[in-house]
Structures are given as C-alpha cells and as structure tokens.
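Heads up: the sequence lines are chains A and B, in that order. First residue of the first sequence: 181, per the numbering used here; consecutive thereafter. First residue of the second sequence: 1190, per the numbering used here; consecutive thereafter. Here's the structure, in structure tokens; my notes come after.
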Amino acid sequence: MLAAFLGAGICGCYGRHELEQLSLVTILGVDKGTHRKLLATAAIALPRKMRSGDTMGSGGTSTSFIVSVECDSLLDGLGRMTTMTSRRVTTAHTQVVILGEDLAKEDAGVILDVFSRNLEFRRNTLVAVCQGSASEFIRNFSVPEETEPSDYLVKLIDSCHQELGICPFTSVYDFLVAYGTGQIEPWTPYLSLTSPIESIGGQPEEADSGEGQQESKAGDTPDKIIKLAGSAVFKKRGPKMQMVGTLDPIETMAANILSGNFSRGFLSIVMPRAPQRMAALVFQHCSVTRKTSIDGDRLNVTFKVRLTASMEETTAREIELSLGYHSEIVEQAERTLESLLSSVFTKLTAMESDILGLGMTIHGHFRTWPQWKEFDWPSKFRHTVATYDVKMFVFTSGYADSPPTPE
Amino acid sequence: MNPSGERKALASQFDVIKLGHLDSDQFTVILGFLIATKVFLTLPSYITKRIGTGAWLTIAFSGVLAAVGLWGWVGWCKATGNLGFVPSVRLTLGRVMGDLTVLAVTVYFVLVTSFSVRVFAGGAVIGLLPEFPIEILIVIVVISSIYAAWLGLETVARAAIFFYPLIVLTIVIVGLGSYRIFDIRHLHPVLGMGFPSILREAAVQFGIYGGIAMAAIFKSYLRNPDQLPKAAFTGLSVATLFMMASVILVSAILPYPENTRHVIALGVIARTVYLGRFLQKIEALFTFTWFFASAVHASTCYMVTLVLLCQLMNTRTYRPLVPGVGLLTFGIAALPTSIHAAGRLLSAVYTYLGSFSVVLGPVLYLVAKVRGTEKAAARISQTLGALIQSPEYSEDTPGQLSRPQGEEQP
Chain A
181 MLAAFLGAGI CGCYGRHELE QLSLVTILGV DKGTHRKLLA TAAIALPRKM
231 RSGDTMGSGG TSTSFIVSVE CDSLLDGLGR MTTMTSRRVT TAHTQVVILG
281 EDLAKEDAGV ILDVFSRNLE FRRNTLVAVC QGSASEFIRN FSVPEETEPS
331 DYLVKLIDSC HQELGICPFT SVYDFLVAYG TGQIEPWTPY LSLTSPIESI
381 GGQPEEADSG EGQQESKAGD TPDKIIKLAG SAVFKKRGPK MQMVGTLDPI
431 ETMAANILSG NFSRGFLSIV MPRAPQRMAA LVFQHCSVTR KTSIDGDRLN
481 VTFKVRLTAS MEETTAREIE LSLGYHSEIV EQAERTLESL LSSVFTKLTA
531 MESDILGLGM TIHGHFRTWP QWKEFDWPSK FRHTVATYDV KMFVFTSGYA
581 DSPPTPE
Chain B
1190 MNPSGERKAL ASQFDVIKLG HLDSDQFTVI LGFLIATKVF LTLPSYITKR
1240 IGTGAWLTIA FSGVLAAVGL WGWVGWCKAT GNLGFVPSVR LTLGRVMGDL
1290 TVLAVTVYFV LVTSFSVRVF AGGAVIGLLP EFPIEILIVI VVISSIYAAW
1340 LGLETVARAA IFFYPLIVLT IVIVGLGSYR IFDIRHLHPV LGMGFPSILR
1390 EAAVQFGIYG GIAMAAIFKS YLRNPDQLPK AAFTGLSVAT LFMMASVILV
1440 SAILPYPENT RHVIALGVIA RTVYLGRFLQ KIEALFTFTW FFASAVHAST
1490 CYMVTLVLLC QLMNTRTYRP LVPGVGLLTF GIAALPTSIH AAGRLLSAVY
1540 TYLGSFSVVL GPVLYLVAKV RGTEKAAARI SQTLGALIQS PEYSEDTPGQ
1590 LSRPQGEEQP
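Laid out in structure tokens, this is it:
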C-alpha cells in the first residue's frame, strides 16, 4: 500500500520534469560580470547531435552550444538562459564548473552556496580554474576525441590525476569542506588553451594565425585544445575564498605526494657522473606518512615518503654497470625529489595555503574543539618547519641486463 | 461481593486487550526501529551542532544512561509479572497517579509519532520531492502506518522484520558508496566541545531513548516473557550502535561544522554516493527505503499508543480508536510551520517526555520494591490466571462480566 502511494509521487508524475523539456548544462563557466555580479557561461548539450559522433565544430563543439549571460547569481543566470532557449536550463547533469581567473582571485565562494541548497546542483561536480576568462575558454576549446566536451574535460582531469599525478581532483564538496572547517584549503586544476602542435625551436606555434588555422583544419587538427597548466591554490580569507597562486604540473605532483594523493607519475633526474644526461623514473607506488609535533608555537612536520620506481628511459646507452652507480642514481633521485618537495612546501607556506590538509593531521593533537580554535591553525601554517625522510626503491634501474652487443 | 464477583471485577480491572504475541527477535527489531529511526531525521545534525565532533560519544554515554533506565523497566516488568502495562502501573502508583503517568507516556508517543512524520516528510520534500505537497506525504505515512497498526501488533512486527535488512543494506551502500570522501580524521578533536559537555549533553539527550518504555508496554504480548531482558537490551545495543555509526558516518563525510548546516544529513550524504558513471544520482532509491523505516517507526508508535489507550479505557478492541488517533497525529504533524520548528519540537519532546519515559522505569521499579507490589502482582496474576482458565471467562467480554445485573462496580 505504501509502495502504491509512494509510486504515484516518487515516479515523477507529480511535478514532473520531462527530459525533452530540459536543456542540460554540461559545463558551467563563471566569471566576474561587468554590469552584474557574475558572467555565467553554459555549454548546453545537444543530445541529437551526439549520435552522429561529430566531435568538432564552431563554438567548441557541434554537440553543444554556448550561452552566456550576466547575472546576479547562478540561479538568476540559469533563469536568464532559459529566456534564450526553448527548454528550461538545468544543472542537474553539470560535470564541471570552470572559474574565470579574475573571479577566482576575488572570491570563488560566491558560487558555492547554491550547491548546498539547490537540488539540481550537485556537490560532486568538478571545479577547475582557467587562465583568463571562463567564457572565452569554454567558447574556444575544441573537442578532438570525445563527442561531449564535458567528457573530454573530466577525462583529461582524471587521467592527469590518476596517471601522472600532476593534477588535483577537486569537487565542489572539497570547497565546501574547506569553507566549513579551516583545516584544509582547496586547490583545483588550472587549465589553459593551447595549440595541439607544440612550439618548435623555442618559437610558439601560431595556431591563431589564419595560415596556421588553415593548415590545422586541413590536417583535421583542432585550433585550440585544453592544456593542464598545473593547479590553482586557494585560501580562505574571512568569508572569501580567494585564489592566491598557481603551481606548475611538476610542483602539483609534489603537492600531491605531500598530501598523500599520489599514485603514479614520473620524475626526470640528472644522471650521476654525467650531468648532461637525463633519466626518467616512473613511480609505481607511493606512501606518505606525516608525523607532526607541536613545540610551543612552532610546528614540525616530517614527511615520510616511500616510493617504488623503475627507470624507464635514459638519454644515453653507454652506462656504467655497477651496484655503486645504481646507488648513486637512487641517491640522486631521492635528492631531486626531496628538493622538489621542499621548494613546493616553502612555496605553499609563503602562500599561507594548507592545500596539503596538514590541519587535518595537526588537529589530532587537540582533544577539544575550543582548544583547536584557540590554536588558530591558519595563522600557524606559514611557520611550519618541514623535514623529509624520502626513500626510493628503484626496482628496474636498467642495469640488471647487459645491453645487447651487435654481432 | 461474592468471590465470583470479585474475580469478575478483577478481570475487568487487570485483564487487558489481547493482541497476539511477539517473539524475541521481532521485539528486538521493533525496539531498534523505535529508537534508531531518528538517524534518518534531524538527529545527526542537531546533536553534532551541540557537541561537535564528540557527538557519537554523547550517544554512547546516553545509551549507557538509557541502559540503566531499561534495567529499571525490566526489573519492574519482572516485579509485575505478566500483568498488562497499565494495570501494573496502577498497581504500583495507585489509580490516579498511575493513569496520569500512563497518559504522559501516551502523549510522548503521540507527539513523537506526529513530529517524526513531519520531520521525515519535510526532509523528503527538501531533498527529494521539492514540488510535492508535504501534507500529502504526511497523509501517506500516517495512513500506511496506521493501516499496519490496524492489522495488528504481529503485522507491525512482521513488517519490521521484512524491511530491516533492506534498510541496513541501504545504509551500508551509502557508507561504501561515499568512501571516497570518508575521512576518519574529521572526527578530531575527539572530545568535541569537551568531556564535561559530552557528559552534560548525555544527561540531557538520553531522552532520545524514550522508546525503551515499549519494552514494558508490550511485556504482556511477548511469547516468552523470560526473553524480555535479552531482547530489550539487544534492541537497545543495536540501536545505539546504529546511531553511533550513523553520526560517525555523517561527521566523517561532512566535517563539523559543515554537517550542522544540513537538516537531514544522511540524505545529503546519499546524494554524494557514486558507484560508477552509470550508477550515480540514486539517492531516491535510498530515501525510498527510508520511508519504510519511518513507516515502521510510526506503526510501532501507533501500536503503543493504541495499546495504552485501550488499557487505560479498558476496552477489548483498539480499532474504533484508529481513525481518531490517525487524525490527531496528522493534525499535530501539520502544525509546525517548517522542518526546523518540527525538529525543535521533537527535540523538546525527547528532552522532557523522553527523559521522563527513561527515568520512569527505575522509579517504578523502586516504588514497586518499596510497596511490595511484586507480591500483590503475583497474587492478582494467580487469580487472573485461574479466571482465564475458568469456563465462564470470555476474553472478548470481561467488561460485561464485571457489571452483571444487580452487582456493584468495584
């Protein structure tokens, strides 16, 4: 009987929203507005065109179209977009929110509240910051591989996070936790637009030029695609959540290692005894233990980092084969990594942004919430002294087998 | 009055409505529902708001206090034998005090039913069905629950037994499905607002266990009364662990003070469950099963209320009371203007009447010991037992036997 009663209500017959009457926003960009508070830009999916598999076209992609409006809030923006579309605009399937750099530097917190309150906004929506304007960014990137631009963006962020460790994986939930607790600061992927053809000989590729464009289109190469430029670091200042700086991809990898969210990636090292040669160490596993101690106002943290790696590439074939040299390579890798970790930690303390979540470890020293609040962690973070205990286990250094000798 | 008349008077006063029997597992499960269903309501947010990260410890300490209360109830049940609840209270405290006490317990269950239904319906409207009229949701839960109560105590117990694995499973899935954002470090600082606060709040909040009075109210309907202590303590322990686990889940996913911003915290967590690209946004499934928890909770409360009213009025059937009780609870449930108002009222009911309900057990036990109620109850039970065995006894009409023509009502 209960099921029969509930069936009438929960199946959506009451107050229903038919799918064919909805415009689904897949990517939402938010910038500072000129006349109003915000400039909201939405990539609205065109499901019928997805079937044809046409992946490239004007306006970023032919499987979506872009709408941009100035508004006072996100709901206001969606309302204004609905006045331009044949269907009601909804964020129920939005996968990524992209913040323009100016808005991120001023206050990213203005967009968060609606995610706590409105049912159509989801907390597991990913957040990223783009170089420049989010509106420009969404309008200009092409989608070479996927039929849907948000798929492309999500997969790019996910693969950079999982496979290379050079990208944070940040959702609105992380922002809300950081906003509420003060024990951790948020950081997001930092995206830029680039030509898919890298610069040659130190000269940037002129993808924007007419000639370059023609060549690109002739070769089925898109004009501009997204490039992960690293990560954007935020800090809560009073009621505002402000972007305070960026980390490049390698620094982002180090921050991921320090925060314990790193699994795979690689590091280039200078070969011992041959500084002109490089080698690439691929990490297979990483575990990080953070031990903290409080000595008066001074905070100490020891990062105990254990990694397994294999050397997968060198720029030379003539390599000395000895156990001693293998140890030198391991030491060199440990020194390189420790130096990287140290420089990133120093950079983060200078930014006063605890994206590593050290506060989550430190507050374990306190028994009660009033004691923790009195300690005032955000003001202490910049004085934290870090030490590193890095040990690397290089399984396949390349010296196990002799190089083949031509007959 | 001749001996036969005395026996008939006794039957009228101490014999109670027959409702079938519960086995100990059913008893444990419905007690668990009665206590623990509040995790689907505002409990995790409200209790965390007061004590911070130490909320789960408060529930544990409240559980210990409730165990003391349950010990009193069980002791009193043993002292009063297999007599019905209301006759036992009357025997212990006297007719006037006894009836007033039972009335207070009845009011507690009526208010808990009403406000719980209102809070649950409010949460469903906020988190799942924003355009659905809340009154219709309240009517759905009230009608479904009271229909189960109409069908009888055993029906309510069977429904509880049928649905509890499903409800536990959904909680487990919610916990596992949100593992990506589960971080046990959010439970620091362990003592929240401090140990004194935890103890103080435990002393205030143990009213959330007010439902343990059910152990005594249904004592005469247990198939094997000897299993009452075990079944009751098992129910209390399971419910306490379930509530602690739920509060830990909420605190570890929505760290303090973020979790205090959400009225129905478990509903918010259900929205974050991500089991795969094509298995997400499935909170409606979880909330749907939690409707059953709410309905079983309300059914049990209705059953308790109807039993108390029947025993107070000494009637042989509760069904004429069903529409009235249903309308009463609907009316009270429709009164609060918001889920916050209903939550505050529910909290007040737990704090005052719930605590009264927990404390009442040890008080009754002590009074029964001091007044020697145990012997009187044993004597009455023996007489009642003999009467029930006699051929002139009819369990449907003992009231008529008490007032035969020409006899004075005792």
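Quick reminder that beta carbons are idealized off the backbone N, C-alpha and C, glycines included. Since the structure is predicted, the reported quantities are computational estimates derived from the model, not experimental observations.
Check your understanding: What are the boundary residues of the alpha helix (DSSP H) that residue 1487(B) is part of?
Key -> On the second sequence, position 298 is the one that residue 1487(B) refers to. 1472-1502 is the span of the alpha helix (DSSP H), which, as asked, contains residue 1487(B).
Review point. Would a check of beta-carbon distances place residue 543(A) closer than 7 Å to chain B?
Key: Along the first sequence, one-based indexing puts residue 543(A) at 363. Yes - at least one Cβ of chain B is within 7 Å of the one on residue 543(A).
Exercise for review: With residue 1522(B) as the anchor, note down where its alpha helix (DSSP H) starts and where it stops.
Suggested key: Position 333 of the second sequence holds residue 1522(B). 1511-1523 is the span of the alpha helix (DSSP H), which, as asked, contains residue 1522(B).
Practice item. Determine the closest residue to residue 281(A) out of 512(A), 352(A) and 211(A), with distance taken between C-alpha atoms. Key: Translated into positions along the first sequence, residue 281(A) becomes position 101. For residue 281(A), the nearest C-alpha among the options comes from 211(A).
Point to revise | Chain-ordered neighbours of residue 551(A) on chain B, where CB pairs are closer than 8 Å | key: Locating residue 551(A) in the first sequence gives position 371, where the first residue counts as 1. By Cβ distance, chain B contributes 1378.
Check your understanding: Would the C-beta of residue 297(A) count as close to the ligand ATP, meaning under 6 Å from any of its heavy atoms?
Key -> As for the ligand ATP, it is missing from this structure, which has no ligand bound.
Check your understanding: Anyone know if the C-beta pair for residue 529(A) and residue 330(A) falls short of 7 Å?
Key -> On the first sequence, residue 529(A) is found 349 positions in, with the first residue counted as 1. On the first sequence, residue 330(A) is found 150 positions in, with the first residue counted as 1. It is not a contact, given that the beta carbons lie outside the stated cut-off.
Exercise for review: Can you give me the Cβ contacts of residue 287(A) inside the same chain, cut-off strictly under 7 Å, excluding the 5 residues immediately before and after it?
Suggested key: Taking the first sequence and counting its residues from 1, the one referred to as residue 287(A) is at position 107. Here the set comprises 420, 421 and 422.
Review point. Is there at least one Cβ from chain A nearer than 7 Å to residue 1241(B)'s Cβ?
Key: As a position in the second sequence, residue 1241(B) is number 52, starting the count at 1. Cβ-Cβ to chain A under 7 Å: yes for residue 1241(B).
Exercise for review: Taking residue 1456(B) as the reference, give the member of 1220(B), 1217(B) and 1234(B) with the closest Cα.
Suggested key: Translated into the one-based positions of the second sequence, residue 1456(B) becomes position 267. Checking every option, the nearest Cα to that of residue 1456(B) belongs to 1234(B).
Practice item. List the residues of chain B whose Cβ lies closer than 7 Å to the Cβ of residue 304(A), in chain order. Key: Translated into the one-based positions of the first sequence, residue 304(A) becomes position 124. Result: 1461 and 1463.
Exercise for review: Indicate the three-state DSSP secondary structure (helix, strand or coil) for residue 210(A) in the structure shown.
Suggested key: Sequence index remark: in the first sequence, residue 210(A) carries index 30 (1-based). Look at residue 210(A) here: in three-state DSSP terms it is strand.
Point to revise | Other residues of its chain near residue 638(A): CB distance less than 7 Å, five sequence neighbours each side excluded | key: In the structure as shown, chain A begins at 181 and stops at 587. Residue 638(A) is therefore absent and cannot be evaluated.
Point to revise | Residues within the segment 529-541 of chain A neighbouring chain B, beta-carbon criterion of under 9 Å | key: 537, 540 and 541
Exercise for review: Given a cut-off of 7 Å, decide if residue 1282(B) and residue 1290(B) are closer than it, judged by their beta-carbon atoms.
Suggested key: Taking the first residue of the second sequence as 1, we reach residue 1290(B) at position 101. Taking the first residue of the second sequence as 1, we reach residue 1282(B) at position 93. The answer is yes: Cβ separation under 7 Å.
Exercise for review: Note down the Cα distance separating residue 1223(B) from residue 305(A), rounded to an integer number of angstroms.
Suggested key: In the second sequence, the residue the question calls residue 1223(B) occupies position 34. In the first sequence, the residue the question calls residue 305(A) occupies position 125. Near 37 Å, if we compare the C-alpha coordinates of residue 305(A) and residue 1223(B).
Check your understanding: Which of the residues in the segment 1429-1446 of chain B, read from start to end, lie with their CB under 7 Å from any CB of chain A?
Key -> Residues of the segment 1429-1446 of chain B with a Cβ closer than 7 Å to any Cβ of chain A, in chain order: 1444 and 1446.
Review point. For residue 470(A), which residues in chain B fall below 7 Å Cβ to Cβ?
Key: Translated into the one-based positions of the first sequence, residue 470(A) becomes position 290. Within 7 Å Cβ-Cβ: nothing; residue 470(A) doesn't reach chain B, min ~11 Å.
Review point. How far does the alpha helix (DSSP H) with residue 1216(B) in it reach, from first residue to last?
Key: Stepping through the second sequence from its first residue, residue 1216(B) is reached at position 27. That run of the alpha helix (DSSP H) goes 1213-1225.
Review point. Going along the chain, which residues of the segment 1355-1375 of chain B sit with their C-beta nearer than 8 Å to a C-beta in chain A?
Key: 1370, 1372, 1374 and 1375
**Study point:** residue 1319(B) at chain A interface by Cβ criterion, 7 Å
**Key:** Sequence index remark: in the second sequence, residue 1319(B) carries index 130 (1-based). Output row for residue 1319(B): interface = yes.
Check your understanding: DSSP puts residue 478(A) in a beta bridge; with which residues?
Key -> Residue numbering aside, residue 478(A) sits at position 298 when the first sequence is read from its first letter. 475(A).
Practice item. Identify whether residue 409(A) lies in helix, strand or coil by the three-state DSSP scheme. Key: Your numbering for residue 409(A) matches position 229 in the first sequence. Of the three classes helix, strand and coil, the one that applies to residue 409(A) here is strand, per DSSP.
**Study point:** C-alpha distance - residue 1216(B) paired with residue 1509(B), whole-angstrom precision
**Key:** Translated into the one-based positions of the second sequence, residue 1216(B) becomes position 27. Translated into the one-based positions of the second sequence, residue 1509(B) becomes position 320. Spanning the two alpha carbons is a distance of roughly 25 Å.
Exercise for review: Identify, in the order they occur along the chain, each residue of the same chain with its Cβ nearer than 6 Å to the Cβ of residue 1402(B), setting aside the five sequence neighbours on each side.
Suggested key: Position 213 of the second sequence, counted from the first residue, corresponds to residue 1402(B). Same-chain partners within the cutoff: 1294 and 1546.
**Study point:** Spatially closest choice to residue 1338(B) from 1464(B), 1357(B) and 1492(B), by CA coordinates
**Key:** Here residue 1338(B) refers to the residue found at position 149 when the second sequence is read from its first residue. Looking at the Cα atoms, 1492(B) is the closest of the given residues.
Check your understanding: Between residue 1246(B) and residue 1380(B), what straight-line distance do the alpha-carbon atoms span, to the nearest angstrom?
Key -> Here the question's residue 1246(B) lines up with position 57 in the second sequence. Here the question's residue 1380(B) lines up with position 191 in the second sequence. One C-alpha to the other measures close to 8 Å.
Point to revise | Span of the beta strand (DSSP E) around residue 221(A) | key: Your numbering for residue 221(A) matches position 41 in the first sequence. Run containing residue 221(A): 218-225, per the beta strand (DSSP E) assignment.
Practice item. If I'm right that residue 1356(B) touches residue 1481(B) with Cβ under 8 Å, what's the distance once you round it to whole angstroms? Key: Numbered from 1 along the second sequence, position 167 holds the residue referred to as residue 1356(B). Numbered from 1 along the second sequence, position 292 holds the residue referred to as residue 1481(B). Confirmed, about 6 Å.
**Study point:** Within chain A, the residues that residue 1450(B) reaches when beta carbons sit closer than 8 Å
**Key:** Locating residue 1450(B) in the second sequence gives position 261, where the first residue counts as 1. The contacting residues are 296 and 360.
Practice item. Would you tell me roughly how many angstroms separate the C-alpha atoms of residue 451(A) and residue 526(A), rounded to the nearest one? Key: Against the first sequence, residue 451(A) aligns to sequence position 271. Against the first sequence, residue 526(A) aligns to sequence position 346. Their Cα atoms are separated by approximately 26 Å.
Review point. When you compare each of 1325(B), 1557(B), 1336(B) and 1392(B) to residue 1277(B) by their alpha carbons, which one comes out closest?
Key: Position 88 of the second sequence, counting from 1, holds the residue named residue 1277(B). Of the candidates 1325(B), 1557(B), 1336(B) and 1392(B), the one whose C-alpha sits nearest the C-alpha of residue 1277(B) is 1557(B).
Check your understanding: Nearest CA to the CA of residue 408(A): which residue from 432(A), 442(A) and 372(A)?
Key -> Along the first sequence, read from residue 1 onward, the residue named residue 408(A) stands at position 228. Comparing Cα-Cα distances from residue 408(A) to each of 432(A), 442(A) and 372(A), the minimum goes to 372(A).
**Study point:** Per-residue contacts from residue 357(A) into chain B (C-beta, under 7 Å)
**Key:** Within the first sequence, numbered from 1, the residue matching residue 357(A) stands at position 177. 1444 and 1447, listed in chain order.
Check your understanding: Skipping 5 residues on each side, what residues in its chain have a beta carbon closer than 7 Å to that of residue 1460(B)?
Key -> As a working note, residue 1460(B) is residue 271 in the second sequence. Counting only Cβ-Cβ distances below 7 Å, and skipping sequence neighbours, we find 1472.
Point to revise | Check whether residue 1248(B) and residue 1432(B) have beta carbons under 7 Å apart | key: Stepping through the second sequence from its first residue, residue 1248(B) is reached at position 59. Stepping through the second sequence from its first residue, residue 1432(B) is reached at position 243. Contact flag set, yes.
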